[in-house]
Amino acid sequence: MGTTVVATSERAVEPWDAAIAQMSNEGVLRLRRASGDPLVAGRAHERFVQYYKGVPVDGGGLTRQTDRGTTVSVFGTIYPDIDLDPTPRLSADEVRVMVEQVRNVTIGLSRTPELVVIPRVPALSGLSGVPNAVEYRLVYRVVAFTAEGGTEYFIDATSGAIVEERDATERQSVSAIGRGLGVLGDDKKISVMSQSGSFFASDLLRPPSLQTYDMRGDLTKTLNFLNGAIPLTMSDLATNTSTVWNDAAAVDAQAYSGLVYDFYFKRFGRQGLDNNNINLVNIVHPVRRTDVFTAPSSVVGLFYLNAFYAGGGVMVYGEGLPPGAVVSGTNQYWNYLAGGLDVLAHELTHGLTQFTSNLIYQDESGALNEAFSDIIGTSVEFYYQPPGTGFLKADYLIGEDVVTPGGLRSMANPIAYGDPDHYSNRFTGTADSGGVHTNSAIVAHAYYLAIEGGTNATSGLTVSGVGGTNRAQIENVFYRAFTEMMPPNATFSVARAVTIQAAQDLYGVGSAVEQAIAQAWTAVGVN
Amino acid sequence: MIVLAGAAEAQVRTPAPTPPQWRGTIGVSGGVQTIGRTEAQHFVVQKNLEDAPIAASLDLARAAVYDVGLTVMLVQGRLGASVSVSSASRRFGGDVTAQIPHPFFFNTPRPVSGSVARLLNTEAAVHLDATYELRTSARFDLLCFIGPSIFRVTQDLVSDITYTDSYPYDTATFTSVPTTRMSATTLGFNLGADLTWKASRRVGVGALVRYARGSARLTPSAGNNVSTTVGGLQVGGGLRFALGQ
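Here the protein sequences come in this chain order: A and B. Mind the numbering: the first sequence is residues 91 to 617 in the numbering used here, read in order. Mind the numbering: the second sequence is residues 1130 to 1374 in the numbering used here, read in order.
Structure follows, in structure tokens:
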């Protein structure tokens, strides 16, 4: 894992001064540039690059600002846990010839491939709740230009495989507003990027990078990306030749992920999943709809009839079913999953959980994980949509816009969907990771009761909710509890205590909010 | 100014040589176009895929006027003709309001407002008048005139609005308004009077009052039409030089 350095106080910079001196002596840091500050008298800046056994580390390094010799700030990233053989198996010439053959170009001696260590974060690990580990690769960096532009290649120094590609042409990209019909036919705006007369699903208006990639039904490519085997490039972005977009799934993925980011920011002041504007990557069309009838059931279950957070800010939205097809048993039609605002918010919130409480995806903590995603998913609906029933209306159903009729779960009436509304009826088997989806309904129902009030069907206990106009209070309580105070292995009972504490913190001991939450937990049998 | 008028009456009669059959005056005047006016602009531009309505209220205050004219009178009569060229110029400003569409949502406009200053308005006119000498004496000439005017109006108009906004883009802040300088030619009329006090046989000073009027349509862009009134009440004074008899 890289160590991110943000040191701006005297106490914080002091150890970094010592560390920089030590790492410089050891050759881990090399001073690339030192310069005076043209804007502030007395200030100077140094830029250090990290090296590993004589090989530069891509992205590793520090900047230090000093004021007449006294350190003011240190920023950067250091990768302290690199452990690889810095001796390449391939020579720079061999790599150059490889790139020349792949791109059909001639690369001169001035463009000799440079050996570097590149840190990489595999994408697929989010569902396990385990933070992504950084892996390091010894690669050659070489830039090749063709008539279509320049590409910076990172080529494995042992195998010759392309580890990463980056656009090396610093084109003039301009933010643009596109419009298109979503999955449900609703007209909406999307923030996109304009470049060379085309439009790409890359949001340049919001603080984080927010992009939607169209896998064009290529499951192999999707899996390779999720496993970190290949990068996605600009050519993989969902694209359109005009500002009026035609791909409804891409339109909704791009629009809704932006809205969820906005909700986090406006409601909670949060900057993205990690509160540091981590890149958001939407994956649409991971498979072809027409292949659903021949696809293995596992693929259908994951890439057609599902959406999931894949870690590292990556969301994958299932393709749904061809028109007219339904899932046997429930007789429900599944549309493009990207078309459900609550679905999308649900998946993104798994990322939020990963970066905060990191609730273990098993048993009660897993159910809390799922419940928090449903809670935020529903909160986002009420933030943007008018209350009501039917498409594009805010309600307490989950996925009702894309899984029709009825959706997947009900926070208001879990029993109607076969889910428990009371702790005494919780699922205790091993399926579904110990009933993480099933038992989430108990928590979600408590959330519902705390807002809307009402009587639990099993216990018969009545809750005085805060009312829909005060729903933000309950949202704030659950957000605070689940992101700041919830331990990763929390049980429902712990969640009760944590949410009550959060209510006391925010609204006072004995407040109506605290009472509503306490009553709600009691009503669903959690004490 | 404006035209001017009547030549001094002859003081001494001399029989020969044969006098010219006309008398005239060159007048040079400066003054003000006294009445200002307010003009309104209402138009829409496209911002963030939606109409952004823009409204501007432009306050055209009084303008400086310069005038050069030649008047020719029949020797034995009171009728004559004149041609004069006038130019009025002013700087003006106004208030601008707009509704800027949100980049992420339809039908969620953000109001912005600001002001604009130092816009330019000029009106050049050629006046072709029939003149009539109301009174003449050894010291004063008073004549009136009326006739068509050809106006050339040039005016800065609001053509767009610039603003700044930042995430989450729920508000926007007015920055400036780009302007377009437009011109148009139109036909109008003028009428007025000129009083000259003759300091000598050939030189005098005069006072001029003219009311000129016309209207023009300026179109900075499709859908952005401005009907503007040109002219107004002009008051000025200057020198008069007698010609001819």
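Beta carbons are placed, not taken as given, at the ideal position from N, Cα and C, and that holds for glycine.
Span of the alpha helix (DSSP H), counted from its first residue to its last, around residue i
i	result
A385 of chain A	Taken as a continuous stretch (DSSP letters only), A385 of chain A belongs to no alpha helix (DSSP H), as it is neither H nor E.
A1253 of chain B	No alpha helix (DSSP H) contains A1253 of chain B, which is instead part of the beta strand (DSSP E) from 1239–1265.
A131 of chain A	Here A131 of chain A belongs to no alpha helix (DSSP H), and DSSP marks it neither H nor E.
N566 of chain A	561–570
I607 of chain A	602–613
Three-way DSSP call (helix, strand, coil) for residue i in this model
i	result
T330 of chain A	At residue 330 of chain A the sequence reads Asn, which differs from the Thr that was named. N330 of chain A falls in the strand class under three-state DSSP.
P1297 of chain B	coil
I505 of chain A	helix
A580 of chain A	coil
K278 of chain A	strand
K311 of chain A	helix
E471 of chain A	helix
N425 of chain A	coil
P1230 of chain B	coil
F1269 of chain B	strand
G234 of chain A	In the sequence under discussion, the amino acid at residue 234 of chain A is Ala, which differs from the Gly named in the question. If DSSP states are grouped into helix, strand and coil, A234 of chain A belongs with the strands.
T494 of chain A	strand
G456 of chain A	helix
F393 of chain A	helix
Q191 of chain A	helix
K356 of chain A	helix
N546 of chain A	coil
D618 of chain A	There is simply no residue 618 of chain A to check, as chain A begins at 91 and stops at 617 in what is shown.
T439 of chain A	helix
Separation of residue j from residue i, as counted between CA atoms
i	j	result
N1177 of chain B	I1183 of chain B	14 Å
T333 of chain A	S265 of chain A	11 Å
R122 of chain A	R154 of chain A	12 Å
S554 of chain A	A536 of chain A	12 Å
D522 of chain A	G543 of chain A	29 Å
P1232 of chain B	Y474 of chain A	15 Å
V220 of chain A	N448 of chain A	Note that V220 of chain A has pLDDT 43, beneath the 50 cutoff, so the model's placement of it is unreliable and the number below is only indicative. Rounded to the nearest angstrom, the two C-alpha atoms are 8 Å apart.
S463 of chain A	G166 of chain A	33 Å
N1250 of chain B	D485 of chain A	59 Å
T559 of chain A	E471 of chain A	14 Å
A513 of chain A	A108 of chain A	For clarity, residue 513 of chain A is Tyr in the given sequence; the question names Ala instead. Each residue's alpha carbon lies about 55 Å from the other.
F572 of chain A	V374 of chain A	29 Å
F244 of chain A	N546 of chain A	58 Å
E255 of chain A	I505 of chain A	50 Å
A435 of chain A	T323 of chain A	25 Å
V164 of chain A	I172 of chain A	22 Å
N566 of chain A	F355 of chain A	12 Å
Cross-strand partners of residue i (DSSP beta bridge)
i	result
M283 of chain A	A:S265, A:F290
Q1363 of chain B	B:Q1162, B:R1339
P1277 of chain B	B:F1318
L1368 of chain B	B:V1157, B:V1334
S125 of chain A	A:H135
S1356 of chain B	B:R1346
Within-7 Å CB hit, residue i to chain B
i	result
G219 of chain A	Low confidence applies here, because G219 of chain A scores a pLDDT of 37, under 50, leaving its location unreliable; read the following figure in that light. So, not an interface residue.
R269 of chain A	yes
D352 of chain A	yes
L363 of chain A	no
P476 of chain A	no
K483 of chain A	no
R360 of chain A	no
R357 of chain A	no
L214 of chain A	Caution is warranted here: a pLDDT of 44 is assigned to L214 of chain A, below 50, making its placement in the model unreliable, and the coordinate value is therefore given only provisionally. No, L214 of chain A lies away from the interface with chain B (no Cβ there is under 7 Å from its Cβ).
L295 of chain A	yes
K311 of chain A	no
Unbroken beta strand (DSSP E) run spanning residue i, endpoints
i	result
M1311 of chain B	1308–1327
G117 of chain A	That residue, G117 of chain A, is in no beta strand (DSSP E); it is neither H nor E in DSSP.
E1179 of chain B	1179–1189
F165 of chain A	160–168
V96 of chain A	93–97
Residue-chain proximity (residue i, chain A), Cβ-Cβ < 7 Å
i	result
F1233 of chain B	yes
L1178 of chain B	yes
Y1292 of chain B	no
Y1340 of chain B	no
P1415 of chain B	Beyond the ends of chain B as shown, which are 1130 and 1374, falls residue 1415 of chain B; an answer cannot be given.
P1297 of chain B	yes
beta-carbon residue i near the ligand ADP non-hydrogen atom, thresh 6 Å
i	result
D277 of chain A	In the structure on display, the ligand ADP does not appear, and there are no ligands present to speak of.
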